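Going by the working numbering, the first residue of the sequence shown is number 9, and it counts up by one from there.
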Amino acid sequence: MSQEDLNILIVDDSPTMRRIIKNTLERIGYKNSIDASNGKEAIDMLKENSINFVITDWNMPEMNGLEFVTEIRSQSEYENLPILMITTRGMKDDVLQAVQAGVNNYIVKPFTPETLEEKINKLI
Ligand SMILES: [Mg+2]
């Protein structure tokens, strides 16, 4: 899949973090992204847009990242949607729990553009 074909949904409750992720994605060649501030909003945006990659935070109000991932993984249409989690939660148990919920890869904040690029490339 080429970079232009990737429609990325960024989910994070921090507007600053959403901007950082969006800017970083643009720097590494991914120009198409939209964003949501929690899991609930993200589910609506998934339904309304043709998204083929998700980057999500864990700690968020309304519906957190773990609940969001669990919810969409229970729906067959999102079974194979690549999900990358970017979070401050760096404990081994956290990573394990996220992977069990259906996250494909995991980045602990703060992150570098190189790390983001590497993790995305591994999933597409
Ligand atoms: Mg957060």
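Ideal Cβ placement from N, Cα and C applies to all residues, glycine included.
Remember, it's a predicted structure, so these values are computed and weren't measured experimentally.
beta-carbon residue i near ligand 1 non-hydrogen atom, thresh 7 Å
| i | result |
| --- | --- |
| residue 20 | yes |
| residue 65 | yes |
| residue 93 | no |
| residue 53 | no |
| residue 68 | yes |
Same chain, Cβ closer than 7 Å to residue i, five either side skipped, listed in chain order
| i | result |
| --- | --- |
| residue 127 | 92, 113, 115 |
| residue 119 | 94 |
| residue 48 | 70, 71 |
| residue 111 | 77, 91, 93 |
Buried or exposed by the 16-neighbour rule on C-beta atoms within 10 Å, applied to residue i
| i | result |
| --- | --- |
| residue 35 | exposed |
| residue 104 | exposed |
Same chain, Cβ closer than 8 Å to residue i, neighbours up to 5 away in sequence not counted
| i | result |
| --- | --- |
| residue 21 | 45, 46, 65, 67, 68, 69 |
| residue 30 | 18, 41, 43 |
Contact check, residue i vs residue j, beta carbons under 8 Å
| i | j | result |
| --- | --- | --- |
| residue 25 | residue 42 | no |
| residue 51 | residue 80 | yes |
| residue 109 | residue 131 | no |
| residue 62 | residue 33 | no |
| residue 58 | residue 15 | yes |
Identity of the residues DSSP links to residue i by a beta bridge
| i | result |
| --- | --- |
| residue 94 | 115 |
| residue 16 | 41, 61 |
Beta-carbon proximity list for residue i, same chain, < 6 Å, skipping 5 on both sides
| i | result |
| --- | --- |
| residue 96 | 117 |
| residue 98 | 116 |
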